[in-house]
Structures are given as C-alpha cells and as structure tokens.
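Whatever position you read off the first sequence (first residue = 1), add 191 for the numbering used here.
Don't be surprised by glycine CBs; every beta carbon is placed ideally from N, CA and C.
This report refers to the structure that appears directly beneath it.
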Amino acid sequence: MNVFKDFRKRLLGLLDEMVAAGELPVGLDTARVTVESPREASHGDMSTNAAMVLAGQVGTAPRQLAPQLALRLGALPEVLTAEVAGPGFVNLRFAPDFWRVQVAEVLRAGTAYGASTIGAGQRVNIEYVSANPTGPLHAAHARGAVVGDALANLLEKAGFIVAREYYINDAGSQVETLGRSAYLRYREALGEEIGEIPAGLYPGDYLKEVGRALAERDGGRWLDQPESTWLPVLRDFAIDRIMLGIREDLATLGIGINVFSSERALVASGAVQAAFEELSARGLIYQGVLDPPKGKKPDDWEPRPQTLFRATDYGDDVDRPLRKSDGSWTYFANDIAYHLDKFRRGFTVLIDVLGADHGGYVKRMQAATTAITGGKAALDVKICQLVHLMDQGKPVKMSKRAGTFVTLRDVIDEVGRDVVRFIMLTRRNDQTLDFDFAKVTEQSKDNPVFYVQYCHARCRSVLRHAAETRPAAVLTLEALAEAPLHRLVEPEELALIRIMAGWPRLVEGAAEAHEAHRVAFYLYDLAAGFHALWNKGKDDTTLRFLAPDDAELTLARLALVQAVATVVASGLAVIGVEPVEEMRS
RNA sequence: GGCCCCAUAGCUCAGUUGGAUAGAGCACGCGCCUUCUAAGCGCGGGGUCGCAGGUUCGAAUCCUGCUGGGGUCGCCA
Numbered sequence: 192m193n194v195f196k197d198f199r200k201r202l203l204g205l206l207d208e209m210v211a212a213g214e215l216p217v218g219l220d221t222a223r224v225t226v227e228s229p230r231e232a233s234h235g236d237m238s239t240n241a242a243m244v245l246a247g248q249v250g251t252a253p254r255q256l257a258p259q260l261a262l263r264l265g266a267l268p269e270v271l272t273a274e275v276a277g278p279g280f281v282n283l284r285f286a287p288d289f290w291r292v293q294v295a296e297v298l299r300a301g302t303a304y305g306a307s308t309i310g311a312g313q314r315v316n317i318e319y320v321s322a323n324p325t326g327p328l329h330a331a332h333a334r335g336a337v338v339g340d341a342l343a344n345l346l347e348k349a350g351f352i353v354a355r356e357y358y359i360n361d362a363g364s365q366v367e368t369l370g371r372s373a374y375l376r377y378r379e380a381l382g383e384e385i386g387e388i389p390a391g392l393y394p395g396d397y398l399k400e401v402g403r404a405l406a407e408r409d410g411g412r413w414l415d416q417p418e419s420t421w422l423p424v425l426r427d428f429a430i431d432r433i434m435l436g437i438r439e440d441l442a443t444l445g446i447g448i449n450v451f452s453s454e455r456a457l458v459a460s461g462a463v464q465a466a467f468e469e470l471s472a473r474g475l476i477y478q479g480v481l482d483p484p485k486g487k488k489p490d491d492w493e494p495r496p497q498t499l500f501r502a503t504d505y506g507d508d509v510d511r512p513l514r515k516s517d518g519s520w521t522y523f524a525n526d527i528a529y530h531l532d533k534f535r536r537g538f539t540v541l542i543d544v545l546g547a548d549h550g551g552y553v554k555r556m557q558a559a560t561t562a563i564t565g566g567k568a569a570l571d572v573k574i575c576q577l578v579h580l581m582d583q584g585k586p587v588k589m590s591k592r593a594g595t596f597v598t599l600r601d602v603i604d605e606v607g608r609d610v611v612r613f614i615m616l617t618r619r620n621d622q623t624l625d626f627d628f629a630k631v632t633e634q635s636k637d638n639p640v641f642y643v644q645y646c647h648a649r650c651r652s653v654l655r656h657a658a659e660t661r662p663a664a665v666l667t668l669e670a671l672a673e674a675p676l677h678r679l680v681e682p683e684e685l686a687l688i689r690i691m692a693g694w695p696r697l698v699e700g701a702a703e704a705h706e707a708h709r710v711a712f713y714l715y716d717l718a719a720g721f722h723a724l725w726n727k728g729k730d731d732t733t734l735r736f737l738a739p740d741d742a743e744l745t746l747a748r749l750a751l752v753q754a755v756a757t758v759v760a761s762g763l764a765v766i767g768v769e770p771v772e773e774m775r776s
C-alpha cells in the first residue's frame, strides 16, 4: 500500500465533492495532480499541487483556490493541519498515528512490504548479459547482468510478470572464428606445436581447456579432415563449453536468467525469413543505395544496392541493411526476428540491457520493434556505461593481448557476490562507474554496501539482545505488529517511519522508470536514518531501544527496529543481496 | 561531419518524470566511545545546476542553438 497514492485518492474524492457542491466546474483534468513528500521537512508530511494545476481550468488563481482545498483537507480526521504555502501548495501534517500504523503494516507484510500491483500482471521481457559465446564473462559484463537482474526483481515486486532472457549470438562469423581457434588448441592438446596464435583468432588461454576436452572425447579423428568437416563440430563444441562456464558464472552471481535463446536456432527455424516477409508486407523493405557516412567516408566505400528496412519511417536516421553481400542475414535482421519472437510469445513491454558500445543500435532496434509489431510492443533500451576497474584509486591495467583482462569470476572471488551486485547499482546505468577493489571491500561508511548491511546487522543485534535479556517476550513479526506503537513519539523515530512508508512509493516509481539503482540509494537513506537514531541513544540513554524499566516502550521500539530490518531486507532482495545478521567476520 | 549519452559543491554522485530556500558522501574545521557493535553519529563553511534563448503559475528537469568530454557510424555481434 502506497500511502501517497492512497491519499491522492482521498483528495480526488474531495474534489468530486466540491464539484457536486458546485464549488468546482464539471470535467476537471486531474491527471497532473500529485501528492508527494516535500523536500523540505518543515513543509509537512505531504504536499499537493492540486490548486496550481486546477486553477487555470477553473479560471481562478492558485492562491485563491488553495484555501478552499485546505479547508476540506483540514477537515479529514487524519489531517492535523492543512496550510497554503508558496505559489499555492497545500501542505499537510498528519496525526502521528497515521505514521505509526505503518510500522504494523511493514511487520504484517514482512519482506513482501513494498509489493505493488501496478504491473497488473502485464508481461515484461528483459534481455540482458547476452555476451557472445566466444569467451568467459569479464568484469564489464557484471554491470549489465546486475542491472538487468535487479530490474527484473523490481518489476516482479511491482506486479509485472517477468521473463529473463539471454540471447546467445551463436550465428555468424565470430563463432566460426571461435571454432578455428578451438581447432588450434585441439591440435595443441594432441601434442602439436602450434606456435604463436595467428592474428584474427582468439588467443585466450581459456580455449586450451576446450581443446583438451575435445581431444579427450574424440581423439585425433578431426586432424586430417578438411575445415568444412570439423568446423561445425568444433564450433558447437566450443560454444557449449563456453556457455557452460557462462552459466556457472551467472549462477555464482545469482543472476536468474531462465530463458536462453539461440540466434542460430532462430535463423534455422525460418523466423528471420518470416520477419522479413512481415516487414515486406507492411511495405517497409526496398532495394536501395545508402549514402556514405557524412564526414567520415570508409576507405573501401563503394555504393551498392542493398536490401533495406525503412527505419527512417520510425525515427531512425538512416535506413538499415538486412542482408549481407553474400545473401545471408545481418545481425540486425536476426535481432528483428528475435524481438518479433518475444512479442509473439506475449510480451508487450520489451527491455534490452546493452553495453555502452551499442548506443548507436538503439534507434534502429526501437524502430524495428515498433514497425514489426504494428506499434503494439514498445522497446526500452538500458545502456550500461563503462565500469572502470580500480585498485587503491589506480586503474587496473587490462589488455586482451597480454591476457591480463579481468574475468567476472576473478571479481566475484575477490570481493564476493553481494558486493558486486550492490556496487553495480550505486550509479545510474548511463553513468560511468568506478569499481575500486580496495574501496568496495572497505568496512566504513564510505562503502554503501557495508553501510546498509551494518544497518541490518545492528537491527538484528538489538533483537538478539532483547531476546537474551527478556526470554519471556514474544518477538515474532506478528507479535510486534501488535506492539503499543503510540509509545513511539520521538521525532527521529517518526522520521524513520516516514522513510519506511516511502518504500512502496519508491518501488512503483523505480519500476515505472525502469531504474533499479533507486533502490540502492533508498536503502542508503534508510540506513542513515537508522544510524542517526542509534547514535542519539548514545547521547541520550532515554532514546535507546531497550528501556530496562519500561517493557511497553521497549516493545514499541523493537517493533520499529524489526520494521527497519524488514524494509532493508525487502530492498536488498530486489538488488539480490543477502542481508547479514552480524558484521563480525 | 551525423547520431546517442554525459556535464549539478574542490572531488564522486543523487535529484521522487515540471514544484517551494537544489541534496548526500568524500575532503576540510569542530564536537561525541564506563553504552544494544564509535566499522558509527552530530554541527559548520562550500553552488551562475556547462553557456544562451524559449515554453508557463513554476525549469537542474521539457524544446532550440552553442561549448566541452565519452561512445558509435554499410555486409562485427
């Protein structure tokens, strides 16, 4: 339950009453009426812009309409004061009980607190990672993996039905190169001296294992065969081995992808041909010659007729080729078929999480999605900017040639899965991110992972302590939900409750914006509120959670503490991080 | 040259889809441990939201044009 949305409904009800009473005209557009918590705490608990939005429609001034609204709002039982302020805001202050009951709401809901129904069962498809099966996942893949996975969790919490997909690019020339590279390692495994890996092939050591495994399985049967015989075998064998490793790495990171789609299978099924015919039927295919890119003409440019998709009809900058000169489909053509396939499987909201180098790909894919689904599906693309790996403030040098690139596995082994997941959400996806091995494992307030975990651990610590000192007390969620919450009267306590009451609203906003990083920032704010209250108890012993001579007050505060732990756990679950019971290692 | 992203405190970044006097953290200065974990908390200084216009009750946020940084640019995926 979102208290802000809830109150907005009450407000709209009052507006209806005012219409009925003839105070307002019929047919008002209330779409832009908002109820939100003001930035400035002194402005109260909630604030509405209704007077400013409606004044124009009514034909009066905001400051004139606002007092009428304030009068009505002030008469509501839960509203303490309703004041007109600024250009026409109505600021509301609620009775403390309005907030206190939220603690019980949290405890009754448990970690499901914050769940929403705005998704209304709508089906969303999120494609993420989708790294080429030509090598192990490296550190940069972690970001897309976490961003996609957390977004999936978030949307599920908001009531959407979510599919998590990985598109395996197992068609095209790159996997052929992989097959040839693996063949070299295969011969090496059989004792041949292969020398330097030729340019154009993948030099990575990870292929040695692939070569050995194949030699073990098949012996020397491919040695004297022509490439046309062994290439498909080697290619498929290598893809399978590498995908196995990728799946393991994803599992280690806790990434919950449940559908792996093969590009090659898609092409083989005729889906690309079908998609092509669909576009043709819509009159969006033609033979034409593209202009060379302005200002930067490739050396080998020559104008030639191509099979083009009219992407410009849907907002792209140029029309895009669907066939290579050898007649086979371009990657783009295959991807159109894949997105159509998602739509045909019942998804109308499509999200692709892609790397920074795919920025130029967004417009054409959105154009194609709109075109081929007749506007019935929308594609949102989340571009993840680069991750700069650092250590002690200095960049970690990486070179594919020298083999010193850092794998995802390396990073997880070094700092742990929870740290990777949390840190990847401490920036908006379109902002570059520094990942400093020293900083992210530091146990200090500079490290948001630690800071949030410490908050949860402190809550648990208090509850453990309470259980030890009062063995008779029942401290289950159900019992604490019945605690005498009216004993929570301190401003810091009520402030903390207000933050918690904002969690459902945050979930809905973040889900609608497809922005999971907001959860990480929210948890930081919540933790700050708790740490502040904790330390108040150091200066003033009457503020401590455990009041030795007041069992009732203690129970109320334990309910508050348990609620904080619950909301933190609820948020961490979206990020995919395990809340810890204590920080001692 | 076209397109996309970014530009907010000295530094790293948020900013509730257009709201009020723009917020955190780091760094800097001062204060707080006989205590449920000081691995933390409080107070203070610090801003032309890159620049210039426009839209309206109201702009860091939306539109246009510039400046600077990154990415990308027909048959790689």
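Between the region 334-349 and the region 738-745, the count of C-beta pairs closer than 8 Å stays below three; the two stretches do not touch. Beta-bridge partners of Ala354 (DSSP): Asn316. Secondary-structure assignment with DSSP links Cys575 through a beta bridge to Gly546. Judged by beta-carbon spacing, Asn360 lies within the 8 Å limit of Asn323, meaning their Cβ atoms are closer than that value.
Secondary structure of Ile446 (DSSP, three-state): coil. Secondary structure within the region 428-514: the beta strand (DSSP E) runs of 3 or more consecutive residues, fully enclosed, are 450-453, 476-479 and 497-500 (chain order).
Unbroken alpha helix (DSSP H) stretches of 4 residues or longer found wholly inside the region 675-738: 682-692, 694-704 and 708-730, given in chain order. For Asn344, the uninterrupted alpha helix (DSSP H) run begins and ends at His332 to Lys348, by DSSP. Taking the C-beta atoms as reference points, Phe534 is found nearer than 8 Å to Ala568. In this structure, DSSP gives Trp290 a helical state, which the three-state scheme calls helix. Contact check for Arg612 against Ile766 passes: the beta carbons are separated by less than 8 Å. Counting every other CB atom within 10 Å of its CB across the protein chains shown gives Ser364 a total below 16, marking it as exposed. Under a 10 Å Cβ-count criterion, His677 is classified as exposed, with fewer than 16 other Cβ atoms of the shown protein chains found around its own Cβ. Your pair Leu206 and Leu215 checks out as a contact, with CB atoms roughly 7 Å apart and the cut at 8 Å. Here Val540 is bridged, per DSSP, to Val315 and Ala569. By DSSP's assignment, Phe626 forms a beta bridge with Leu580. Taken through DSSP and simplified to helix, strand or coil, Thr521 comes out as coil.
Contact annotation: Leu262 and Leu245 have beta-carbon atoms that are not nearer than 8 Å.
Boundaries of the beta strand (DSSP E) harbouring Leu271: Val270 to Ala276, taken from the DSSP string. With a beta-carbon spacing of about 5 Å, Val320 and Tyr357 fall inside the 8 Å limit used to define contacts. Counting the other Cβ atoms within 10 Å of the Cβ of Glu684 gives 16 or more, which makes it buried. Taking the Cα of Val509 as reference, the smallest distance to any Cα among Phe538, Ser516, Gly479 and Asn525 is reached at Gly479. When DSSP reads this structure, Val281 sits in a beta bridge with Thr239 and Val275. Each residue's CA atom was taken as its position, placing Asn525 and Ile563 some 13 Å apart. In its chain, beyond the 5 residues on either side, Ala672 have a beta carbon closer than 6 Å to the beta carbon of Ala295. For Lys200, the closest alpha carbon among the candidates Ala390, Lys588, Val224 and Val458 is that of Val224.
Contact check for Arg651 against Glu773 passes: the beta carbons are separated by less than 8 Å. Under the three-state reduction of DSSP output, Thr598 falls in the strand class. Note on geometry: alpha-carbon atoms of Val217 and Gln259 lie some 17 Å from one another.
By the C-beta density criterion, Phe451 is exposed, having fewer than 16 other C-beta atoms within 10 angstroms. Annotation: Leu666 is outside any alpha helix (DSSP H) and is labelled neither H nor E by DSSP.
Between the alpha carbons of Leu271 and Gly301 lies a distance of about 29 Å. Fewer than three Cβ pairs drawn from the region 324-334 and the region 718-734 lie within less than 8 Å of each other, which leaves the two stretches out of contact.
For Leu375, the uninterrupted alpha helix (DSSP H) segment begins and ends at Ser364 to Ala380.
Of the residues assessed, Asn282 falls on the buried side of the cut-off, its CB having 16 or more other CB atoms within 10 angstroms. As computed with DSSP, Lys585 is found in a beta bridge with Asp582.
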